[in-house]
Each structure stands twice: as C-alpha cells, then as structure tokens.
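Residue numbering for the sequence shown follows the UniProt record's numbering, starting at 1 and increasing by one per position.
Every residue, glycine too, gets a C-beta built ideally from N, C-alpha and C.
Taking it in order: structure first as structure tokens, then the write-up.
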Amino acid sequence: MKVKIDSERCHGHGRCYDLAPDMFGEDDEGYGMVLGDGAVSPARQPGARLAASNCPERAIAVEGASQ
1 MKVKIDSERC HGHGRCYDLA PDMFGEDDEG YGMVLGDGAV SPARQPGARL AASNCPERAI
61 AVEGASQ
C-alpha cells in the first residue's frame, strides 16, 4: 500500500500530519507532504486510512489498499 498527497488539492489543514506523523509532514508553507517513498506497512495502514478519511479536501490517495 502507498499514500500520495495531491498538492493541488491540499489546503494545509494539517490533519494528515497530526493523525499520522510517521507518514506525513509539512513543507515550508505548512502543506502536507508524504514522508519517504509513501510505502505503508500493514501495521501502519489504519493510520494511513484515518489520515485520508479526515482530509477535508480528499487530497490523500491510498493506493493498493487491502481491506
């Protein structure tokens, strides 16, 4: 599973890096960014889904997610 942030949609609310600081950070202007290559281990998948579902702009894409 991988996560991505659409920088065109992100408004910098910061929910992603508040909810999953091990996967997301903020850039110099306060917008969300994926830390590392975006790969998410099975143990971290719930945090990735939580961050994605709490993004007001739906700027976080979760790819290859298994339920």
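- Non-local beta-carbon contacts of Ala-61 in its own chain, meaning distances under 6 Å to residues more than five positions away in sequence, involve Lys-4 in chain order.
- Three or more Cβ pairs closer than 8 Å define a contact, and the segment 33 to 52 meets that threshold against the segment 16 to 24.
- By alpha-carbon distance to Glu-57, the top candidate from Ala-39, Gly-32, Ser-41, Gly-36 is Gly-32.
- The alpha-carbon separation between Arg-9 and Ala-43 amounts to approximately 27 Å.
- Annotation note: the segment 7 to 58 contains the following uninterrupted beta strand (DSSP E) runs of length 3 or greater, listed N- to C-terminal: 24 to 26, 32 to 34.
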